[in-house]
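Q:
Chains as they are written, first to last, in the numbering used here: chain A, 3 to 92; chain B, 1331 to 1689.
(1) Following the continuous alpha helix (DSSP H) through residue 1538/B, name the residue where it begins and the one where it ends.
(2) May I ask you to verify whether the region 1334-1341 of chain B touches the region 1598-1615 of chain B, counting CB pairs closer than 8 Å and requiring at least 3?
(3) Beta carbon of residue 1501/B, beta carbon of residue 1515/B: below 8 Å?
(4) Quick one, which of 18/A, 13/A and 23/A has its alpha-carbon nearest residue 84/A's?
(5) Is the beta carbon of residue 1577/B less than 8 Å from the beta carbon of residue 1571/B?
(6) On the DSSP bridge list, what partners appear for residue 1486/B?
(7) Give the DSSP-derived three-state secondary structure of residue 1633/B in the structure shown.
(8) Can you grab the Cα-Cα spacing for the pair residue 1548/B / residue 1360/B, in whole Å?
(9) Roughly how many angstroms lie between the CA atoms of residue 1349/B and residue 1524/B, to the nearest whole one?
(10) Cβ closer than 9 Å: which chain B residues qualify as neighbours of residue 54/A?
(11) Using a threshold of 8 Å, state whether the C-beta atoms of residue 61/A and residue 86/A are closer than that.
(12) Taking three-plus beta-carbon pairs below 8 Å as touching, is the region 1407-1427 of chain B in contact with the region 1446-1459 of chain B?
(13) Leaving aside the five residues before and after residue 17/A along the sequence, list all residues of the same chain whose C-beta is less than 7 Å from its C-beta, in chain order.
(14) What number of angstroms, rounded off, separates the C-alpha of residue 1602/B from the C-alpha of residue 1656/B?
(15) What does DSSP give as the partner residue(s) for residue 1393/B in the beta ladder?
(16) Does the beta-carbon distance from residue 55/A to residue 1415/B come in below 8 Å?
(17) Along the chain, which unbroken stretches of the beta strand (DSSP E) at least 3 residues long are found entirely within the region 1493-1573 of chain B?
(18) Would a C-beta distance cut-off of 8 Å place residue 1674/B and residue 1661/B closer than the cut-off?
(19) If we require 3 or more residues per run, which beta strand (DSSP E) segments fall completely within the region 15-56 of chain A?
(20) Given this structure, state the Cα-to-Cα distance separating residue 1345/B from residue 1358/B, to the nearest angstrom.
(21) Should residue 1688/B and residue 1331/B be called a contact, given that it needs their Cβ atoms to be closer than 8 Å?
(22) How would you list, in chain order, the residues of chain A whose beta-carbon sits under 9 Å from the beta-carbon of residue 1412/B?
(23) Skipping 5 residues on each side, what residues in its chain have a beta carbon closer than 7 Å to that of residue 1527/B?
(24) So is residue 1504/B buried or exposed if we call it buried at 16+ other beta carbons inside 10 Å?
(25) Ignore the nearest five residues each way along the sequence and tell me which others in residue 1530/B's own chain have a CB closer than 7 Å to its CB.
(26) In three-state DSSP terms, what is residue 1352/B?
(27) Compare the C-beta of residue 31/A against all C-beta atoms of chain B and say whether one is closer than 8 Å.
(28) Considering only their Cβ atoms, is the gap separating residue 1594/B from residue 1541/B smaller than 8 Å?
(29) Identify the contact partners of residue 59/A in chain B, using a Cβ-Cβ distance below 8 Å as the criterion.
(30) For chain A, check one thing: does any of its Cβ atoms lie closer than 8 Å to the Cβ of residue 1442/B?
(31) Return the first residue and the last residue of the alpha helix (DSSP H) that residue 1459/B is part of.
(32) Is it buried or exposed, residue 1585/B, if we count other Cβ atoms within 10 angstroms and call 16 or more buried?
(33) Which first and last residues belong to the beta strand (DSSP E) in which residue 1665/B is found?
(34) Pair every Cβ in the region 1431-1439 of chain B with every Cβ in the region 1462-1476 of chain B, then say whether three or more of these pairs are closer than 8 Å.
(35) Have a look at 1597/B, 1404/B and 1444/B and flag the residue whose alpha-carbon is nearest the alpha-carbon of residue 1637/B.
(36) Tell me, please, whether the CB atom of residue 1408/B is closer than 8 Å to any CB atom in chain A?
Pasting the structure below:
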C-alpha cells in the first residue's frame, strides 16, 4: 500500500500528538485520510463535517492537485498530502 | 486563597493569577492559540476543580478539552459532543457546559441548538432526544450568534428540574430530568413582530438567564427585548427595567451569596451594541429587579465595546469577586459588589468567556 506524508496546519497538531507531518498509508486520498483519522479521531472532527465532506473552509491538496472534491484520487508511494486552511477574508 | 481567572477569547485562552488578597494580578501565557473559547466551566463540586473549555474555530469546528490542574495542562476529549454521522446540521460551537444533578453528570449546549449529556464526567456525550424531537423545532430561528443553546441551569432543589435557553427561541423547562421540555416564554416580548411569529410560542430571544440561589422559583433573564423576572419557575414573566438606560444587553450575573441581588450590563440598542454614553455601565439591583442602580467607580474610561453573554464570572471568596470582560479585551473586577471596579492587567482579544477558580 502506498505510503505518503500528510501535512496539517499547526492548529490541528494537538490532535496529532503535536505533529504537523504524519506518515500515512492508503490507495487513495480517502483511505489515506482514514488511516490518519483512525489514529487521531479529532482530526476527523476538524477536517470533515458530519456528512464526511471536507469542511467548507478547508482545502486538500495531493501534491499540487486540489482534491477537495475528489477523495477517490489515486495515491502513489512518496506522495505529499496537504490539509490547508483556505485563504479567505482580508 | 488566590484566584485564577481564565479568560476565553477569540484567539485563545489566557489566565490571570491573583495574589492572596486579589490586589495584584499577573497575566499568563495563552493556551489553545488560535481557538475561540466560548464556553468555560469550572466544576468545583468535588472540591478539586475540573475545568472544561469549549473550543471552536470557524474553519475547523468545535471540541471540548478538560483540565485537572486549573488550566496549566489540558486533555483533549476525543468523544466531544458531535451530531450523528450523516446529519444535515453541523455542530458549530459549544456554548455552555454545566453541572448536572449527579456528581458525574454534565450538560453541554451547542449550536445549532442541541443539548448533550455526559454521565462519565465529560468523557463521552449523548444528544438529548426530547429536545431534538421538540414539536416546535421547525419554527426555531437563529439569532445573530446562530441557533445557540447557551444557558443551562440545573435546579439545586429539584434534581429532575432544569432549564435551558436557546437564541432566538426562548427558555425551556424540564421537570423530568430532560425527558421532556416545555416552553416557558409567557410574558416575554417577541423578536420578530410579523403576525405569524408574534403570537407563536417561540421567537423569544433569551440572551442569558439566572436562578436565584435561595429561591429557586425566581428566575431572571436578559432578553433581546428587555429584562424580565419570573416568580413561578418560568411559568410567567414580567419586565423589570426601572432605572436601566436600555433593556438590551447580553450578560446577567446572579450574586452567589445575596438573594435578589444581580447585575446587568446594558448596551445602547440591538443596532449599536455599545455601552450607553461610551462608558461601561454595570447596573445592580438589590430587590430582585424592582429598581436598578448604576455602579460607576472605576468604570470612567471611555469605552465603546460591550460584554458578551458568557464573559462574566464570580469567585468563591468570602468577599465575592465579580468579573466581566469586554469585547475590547479588558477585564474588570469588583470585591464590594460594584461599589468600586478595578481594571485587571492585560489587553486581550475579544473576550468570549470567563471562569474564576479558587487555587
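Ideal placement from N, C-alpha and C gives every residue a C-beta, glycine not left out.
A: This is what the structure gives:
(1) Counting along the chain, residue 1538/B falls outside any alpha helix (DSSP H), though it belongs to the beta strand (DSSP E) covering 1536-1541.
(2) no
(3) yes
(4) 23/A
(5) yes
(6) The partner list for residue 1486/B (beta bridge, DSSP) is empty, contrary to what the question assumes.
(7) coil
(8) 38 Å
(9) 54 Å
(10) 1415 and 1416
(11) yes
(12) yes
(13) 42, 44, 45 and 48
(14) 15 Å
(15) 1385/B
(16) no
(17) 1500-1504, 1536-1541, 1549-1553 and 1556-1560
(18) yes
(19) 23-27
(20) 5 Å
(21) yes
(22) 47 and 52
(23) 1520 and 1533
(24) buried
(25) 1469
(26) coil
(27) no
(28) no
(29) 1388 and 1389
(30) no
(31) 1459-1462
(32) buried
(33) Careful: residue 1665/B lies outside any beta strand (DSSP E) and carries neither H nor E.
(34) no
(35) 1597/B
(36) yes
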